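K.L.:
Just dropping this structure here.
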Amino acid sequence: DVESDDGKRCIFDVDTTTAEQFQRSVGRELSADELARLEQVHTALGFIRRMQRFLAHRLRSSGEVAQRLRTLGATHEHIALALDLLRGNGVINDERFAYAYVRDCVRLGTRSAQAIRRKLVAAGIAPDLADRALTAEYPADLDMQRARSLARKTLRHLRNATPEQRYRRIRDRLVRQGFPPETVRSILREMMDSAEHP
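What follows is the structure, given as structure tokens:
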């Protein structure tokens with residue numbers, strides 16, 4: 006609750022830290038910078054309130070939150086402040102998000118490590134953090150297992166195709182799923198060897 010020189014009273018919603026900062030200055034005149042800071046925090050918290058359901062649904066990266074704030078019309082200053090407030094309260098944490106995302110992909114999906122990395126970077130996760138999360142949570146041999154499984158599954162649907170068609174379709178499917186070229190070549194070599202020696 007702030008009263009201006011002309012007697013107008015303004016009420017600002019602020020976070021606990023900001024409130025504590027200004028509580029120490031009860032009764033003294035606020036500078037223009039302090040008043041601007043109160044207004045910025047108040048506006049940033051308004052944007053955060055508008056995103057309550059978005060934030061409650063699942064873990065979010067700071068990149069996803071920033072994108073959502075942009076769609077709500079937040080300025081760069083409000084986005085930076087909202088992200089700082091959310092990080093300070095533990096609502097968003099890019100490291101926690103990256104590790105959890107990789108664990109979920111390992112448990113639920115068929116994505117390759119490369120595809121998971123691309124998704125993390127697209128969500129605003131720093132490439133080095135994405136690499137650390139993959140190193141910690143994505144088993145080294147999982148790409149080969151998943152590629153082999155996907156190739157077998159694809160092959161079952163291609164019984165009437167020529168060997169060239171099977172080769173091309175399996176290759177294309179593995180590439181679309183984000184498997185690295187060396188993994189794709191290795192799987193295709195395995196399949197050709199098994200076709201020659203049934």
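Going from the sequence shown to this note's numbering is simple: count from 1 and add 5.
Every residue, glycine too, gets a C-beta built ideally from N, C-alpha and C.
These numbers were taken from a predicted model, which means no experiment stands behind them.
(1) Which of the three DSSP states, helix, strand or coil, is assigned to residue 129?
(2) Note down the Cα distance separating residue 137 from residue 170, rounded to an integer number of angstroms.
(3) Please report the straight-line C-alpha distance between residue 56 and residue 45, rounded to a whole angstrom.
(4) Under a three-way DSSP split, which group does residue 146 fall into?
(5) Restricting to Cα atoms, I'd like to know which of 198, 116, 79 and 104 is closest to residue 132.
(6) In angstroms, rounded to a whole number, what distance separates the CA positions of residue 40 and residue 50?
(7) Where does the unbroken alpha helix (DSSP H) through residue 182 begin, and where does it stop?
(8) Verify whether the separation of the beta carbon atoms of residue 118 and residue 89 is less than 8 Å.
(9) Ignore the nearest five residues each way along the sequence and tell me which others in residue 144's own chain have a CB closer than 8 Å to its CB.
(10) When you measure from the CB of residue 45 to every non-hydrogen atom of the ligand COA, does any distance come out below 7 Å?
(11) Using C-beta distances below 8 Å, list every residue in its chain close to residue 123, excluding the 5 sequence neighbours before and after it, in chain order.
(12) What's the call for residue 116, buried or exposed, on a 16-neighbour Cβ count within 10 Å?
P.N.:
In short, the structure shows the following:
(1) On the sequence shown, residue 129 is found 124 positions in, with the first residue counted as 1. Coil.
(2) Residue mapping note: residue 137 aligns to position 132 of the sequence shown, counting from 1. Residue mapping note: residue 170 aligns to position 165 of the sequence shown, counting from 1. Answer to the nearest angstrom: the Cα atoms are 38 Å apart.
(3) Here residue 56 refers to the residue found at position 51 of the sequence shown. Here residue 45 refers to the residue found at position 40 of the sequence shown. So the two alpha carbons sit approximately 17 Å from each other.
(4) The count along the sequence shown starts at 1 and reaches residue 146 at position 141. In the structure shown, residue 146 sits in coil (DSSP, three-state: anything other than H, G, I, E or B).
(5) Residue 132 sits at position 127 when you count from the first residue of the sequence shown. The option with the nearest alpha carbon to residue 132 is 104.
(6) Position 35 of the sequence shown, counting from 1, holds the residue named residue 40. Position 45 of the sequence shown, counting from 1, holds the residue named residue 50. For residue 40 and residue 50, the distance between alpha carbons rounds to 15 Å.
(7) Your numbering for residue 182 matches position 177 in the sequence shown. Segment: none, residue 182 is in no alpha helix (DSSP H) and carries neither H nor E.
(8) Numbered from its first residue, the sequence shown carries residue 118 at position 113. Numbered from its first residue, the sequence shown carries residue 89 at position 84. When the beta-carbon positions are compared, residue 118 and residue 89 stay at least 8 Å from each other.
(9) Numbered from its first residue, the sequence shown carries residue 144 at position 139. Hits under 8 Å: 111.
(10) With respect to the ligand COA, the structure offers nothing, as it holds no ligand at all.
(11) Here residue 123 corresponds to residue number 118 of the sequence shown, with the count starting at 1. So the list reads 183, once near-sequence residues are dropped.
(12) Sequence index remark: in the sequence shown, residue 116 carries index 111 (1-based). Flag for residue 116 reads buried.
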